[in-house]
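**Student:** Below you will find the structure I want to go over with you.
In full-length UniProt numbering, the protein residues as written are 1 to 372.
Laid out in structure tokens, this is it:
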């Protein structure tokens, strides 16, 4: 009889690329139950769908002010709803995604243990906002320090973030990057003008407008944006910018399963993320790996984790900074031959930079917990 594994995430699991990789990895081997928002991901034995609930603001704020952190955690509606849905169910192991699920996972007392997969450095998640840093940052730090060492194993998304968790919590933390599954594609010929692309959220702190301004300033490229409507007001602003300049096009987002083939028709993936907080400064985003699987060259900001991979594999150019002028400087100096070489490098490194090797890391941790 297959052992029972719970994968819990306070996210829409069927659309959460990282969690979905876990589901697809473990459903052939274990009896998998998922608990999260939205419909069931394909292949699971059971899905416990949670409904979004509003945090009881004043009470929660008061508890955090008093540093009643444990009470604050168990007051969270998502935690309470999940605890109710999971009551009475027994599991051999639990894979808990992000720190807000970890105390709950441990409270369920799975027979063999808990693996925590943490997608950000939570104690400094929004440190650029002083009220958040003062009230919520310490609560997240308390959660991490209290609960991560109690897990059988822990992983996160990049080496620098893993190091910070180890320093702050004492837990040993492995790394599973947000690598994209391998795609059997080939680079397309470089267009004239060179075609840039960016996909992701429309949040204004993602610096997308600087990318727009940089492309317009360079004057030798086009830019296509595939943006989700997380920040509707800013998305409308970007659409207005696109109407004013034919070099810029804003598209609706495409389903993730269609994204890589959509990106394959472009030349360079671009991502300039300003280091406004610890996570942004040490980001190793899935879009970098999406660009590689799409066989694109890349232009990225000088974020250490991204820069290391781009430089080691010769995938593209690391901009000198995060501004429109920094991007324009890079674009003005590019030739079609260079871009074709970058695309060829992505093709050459696509297998090693795919999710294949990363999935083995999760597999090792869960197999060890299961005693196999």
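For every residue, glycine included, the Cβ atom is placed at its ideal position computed from N, Cα and C. For clarity, every value in this text was computed on a predicted model and none was experimentally measured.
Measure the C-alpha to C-alpha separation of residue 199 and residue 1 and round it to an integer number of angstroms.
**Tutor:** As a first step, residue 199 is located in the chain shown; it is residue number 199 there, counting from the start. As a first step, residue 1 is located in the chain shown; it is residue number 1 there, counting from the start. Residue 199 and residue 1: Cα-Cα distance of roughly 42 Å.
**Student:** If contact is defined by three or more beta carbon pairs under 8 Å, each pair taking one atom from either stretch, is the segment 164-171 in contact with the segment 189-203?
**Tutor:** no
**Student:** Output the distance between the C-alpha atoms of residue 361 and residue 24, rounded to the nearest integer angstrom.
**Tutor:** One-based indexing of the chain shown puts residue 361 at position 361. One-based indexing of the chain shown puts residue 24 at position 24. Spanning the two alpha carbons is a distance of roughly 14 Å.
**Student:** Using a beta-carbon distance below 9 Å, is residue 89 in contact with chain D?
**Tutor:** Note that chain D does not occur in the displayed structure, where there is just one protein chain.
**Student:** For residue 226, list the residues DSSP reports as bridge partners.
**Tutor:** Here residue 226 refers to the residue found at position 226 of the chain shown. DSSP output for residue 226 lists 199 and 251 as bridge partner(s).
**Student:** Thinking C-alpha only, which one of 281, 338, 217 and 101 is nearest residue 205?
**Tutor:** Looking up residue 205 in the chain shown gives position 205. When only C-alpha atoms are compared, the closest one is 281.
**Student:** On the three-pair Cβ rule with 8 Å, is the segment 141-153 touching the segment 88-108?
**Tutor:** yes
**Student:** So, are the CB atoms of residue 112 and residue 371 less than 9 Å apart?
**Tutor:** Mapped onto the chain shown, residue 112 falls at position 112. Mapped onto the chain shown, residue 371 falls at position 371. Yes; because the gap between Cβ atoms is below 9 Å, this pair is in contact.
**Student:** Determine which residues share a DSSP beta bridge with residue 413 and list them.
**Tutor:** Residue 413 cannot be examined here, being either before or after the span of the chain that is shown, 1 to 372.
**Student:** Do residue 453 and residue 157 have their CB atoms nearer than 9 Å?
**Tutor:** Outside the modelled stretch of the chain, which goes from 1 to 372, sits residue 453, for which no answer is possible.
**Student:** Taking just the CA atoms, how far does residue 92 sit from residue 110?
**Tutor:** What you label residue 110 is simply residue 110 of the chain shown in a count that begins at 1. What you label residue 92 is simply residue 92 of the chain shown in a count that begins at 1. Rounded to the nearest angstrom, the two C-alpha atoms are 5 Å apart.
**Student:** Apply the 10 Å Cβ neighbour rule to residue 27 and answer buried if 16 or more other Cβ atoms are within range, or exposed otherwise.
**Tutor:** Working through the chain shown from its first residue, we reach residue 27 at position 27. So residue 27 ends up on the buried side.
**Student:** Just the C-alpha distance for residue 329 and residue 159, rounded to the nearest angstrom, thanks.
**Tutor:** Residue numbering aside, residue 329 sits at position 329 when the chain shown is read from its first letter. Residue numbering aside, residue 159 sits at position 159 when the chain shown is read from its first letter. Taking the straight line joining both Cα atoms gives about 30 Å.
**Student:** Quick one, which of 260, 33, 44 and 223 has its alpha-carbon nearest residue 243's?
**Tutor:** The count along the chain shown starts at 1 and reaches residue 243 at position 243. If we check each option's Cα against that of residue 243, 223 comes out closest.
**Student:** If you drop the 5 nearest sequence neighbours on each side, which residues of the same chain put their C-beta closer than 6 Å to that of residue 274?
**Tutor:** The sequence position of residue 274 within the chain shown is 274, counting from 1. Cβ within range, chain order: 207 and 322.
**Student:** Express the C-alpha separation of residue 56 and residue 76 in angstroms, rounding to a whole number.
**Tutor:** The sequence position of residue 76 within the chain shown is 76, counting from 1. The sequence position of residue 56 within the chain shown is 56, counting from 1. Distance between the alpha carbons of residue 76 and residue 56: 8 Å.
**Student:** Evaluate residue 295 with the Cβ neighbour count: other Cβ atoms within 10 Å of its Cβ, from every protein chain shown; 16 or more gives buried, anything less gives exposed.
**Tutor:** Here residue 295 refers to the residue found at position 295 when the chain shown is read from its first residue. Buried, since its Cβ has 16 or more Cβ neighbours within 10 Å.
**Student:** Looking only at its own chain, which residues have a Cβ that is under 6 Å from the Cβ of residue 279, when we skip the five neighbours before and after it?
**Tutor:** Here residue 279 refers to the residue found at position 279 when the chain shown is read from its first residue. Excluding positions up to five away in sequence, the list reads 120 and 121.
**Student:** Taking only the alpha-carbon atoms, compute the straight-line gap between residue 314 and residue 324 and give it to the nearest angstrom.
**Tutor:** On the chain shown, position 314 is the one that residue 314 refers to. On the chain shown, position 324 is the one that residue 324 refers to. If I take the Cα positions, the gap works out to 23 Å.
**Student:** Note down, in chain order, each residue of its chain lying with its Cβ closer than 6 Å to the Cβ of residue 320, except the 5 sequence neighbours on either side.
**Tutor:** Locating residue 320 in the chain shown gives position 320, where the first residue counts as 1. Excluding sequence neighbours, residue 320 sits near 326.
**Student:** If you follow the alpha helix (DSSP H) that residue 308 is in, where does it begin and where does it stop?
**Tutor:** In the chain shown, residue 308 corresponds to position 308, counting from 1. Unbroken alpha helix (DSSP H) run through residue 308: 304-313.
**Student:** My understanding is that residue 215 touches residue 331, with C-beta atoms under 8 Å, so please give their C-beta distance in whole angstroms.
**Tutor:** Taking the chain shown and counting its residues from 1, the one referred to as residue 215 is at position 215. Taking the chain shown and counting its residues from 1, the one referred to as residue 331 is at position 331. So it is a contact: roughly 7 Å between Cβ atoms.
**Student:** According to DSSP, is residue 91 part of a helix, a strand, or is it coil?
**Tutor:** Position 91 of the chain shown holds residue 91. Residue 91: coil per DSSP, three-state reduction.
**Student:** Residue 179 by DSSP, collapsed to three states: which one?
**Tutor:** Here residue 179 refers to the residue found at position 179 when the chain shown is read from its first residue. Correct three-state label for residue 179: coil.
**Student:** Is residue 46 helix, strand or coil by DSSP?
**Tutor:** Within the chain shown, numbered from 1, the residue matching residue 46 stands at position 46. Three-state DSSP puts residue 46 in a strand.
**Student:** Less than 9 Å between the C-beta atoms of residue 194 and residue 221, yes or no?
**Tutor:** The sequence position of residue 194 within the chain shown is 194, counting from 1. The sequence position of residue 221 within the chain shown is 221, counting from 1. Going by C-beta atoms, residue 194 is nearer than 9 Å to residue 221.
**Student:** For residue 86, which option in 15, 134 and 48 has the closest C-alpha, if you only look at C-alpha atoms?
**Tutor:** If you number the chain shown from 1, residue 86 lands on position 86. Looking from the CA of residue 86, the closest CA among 15, 134 and 48 belongs to 48.
**Student:** Leaving out the 5 sequence neighbours to the left and right, which residues in its chain are closer than 6 Å to residue 39 when beta-carbon positions are compared?
**Tutor:** As a first step, residue 39 is located in the chain shown; it is residue number 39 there, counting from the start. Cβ within range, chain order: 14.
**Student:** Would you check if the distance between the CB atom of residue 180 and the CB atom of residue 264 is smaller than 9 Å?
**Tutor:** On the chain shown, residue 180 is found 180 positions in, with the first residue counted as 1. On the chain shown, residue 264 is found 264 positions in, with the first residue counted as 1. For the pair residue 180 and residue 264, the CB atoms are not nearer than the 9 Å cut-off.
**Student:** Just the Cα atoms here: how many angstroms apart are residue 8 and residue 334?
**Tutor:** Residue mapping note: residue 8 aligns to position 8 of the chain shown, counting from 1. Residue mapping note: residue 334 aligns to position 334 of the chain shown, counting from 1. Going from the Cα of residue 8 to the Cα of residue 334 covers about 45 Å.
**Student:** Taking the C-alpha atoms as reference points, what is the distance between residue 337 and residue 344?
**Tutor:** On the chain shown, residue 337 is found 337 positions in, with the first residue counted as 1. On the chain shown, residue 344 is found 344 positions in, with the first residue counted as 1. Each residue's alpha carbon lies about 11 Å from the other.
**Student:** With 16 other CB atoms within 10 Å as the buried threshold, where does residue 6 fall?
**Tutor:** As a first step, residue 6 is located in the chain shown; it is residue number 6 there, counting from the start. Result: buried.
**Student:** Considering only C-alpha positions, which residue in the set 316, 184, 154 and 130 is nearest to residue 298?
**Tutor:** Within the chain shown, the letter at position 298 stands for residue 298. Scanning 316, 184, 154 and 130 for the CA closest to the CA of residue 298 turns up 316.
**Student:** For residue 284, which option in 248, 303 and 43 has the closest C-alpha, if you only look at C-alpha atoms?
**Tutor:** Working through the chain shown from its first residue, we reach residue 284 at position 284. Taking only the C-alpha atoms, the option nearest residue 284 is 303.
**Student:** Can you check which of these residues, 31, 301, 266 and 291, is closest to residue 350 by C-alpha distance?
**Tutor:** Translated into positions along the chain shown, residue 350 becomes position 350. Checked all of 31, 301, 266 and 291; the closest Cα to residue 350 is 291.
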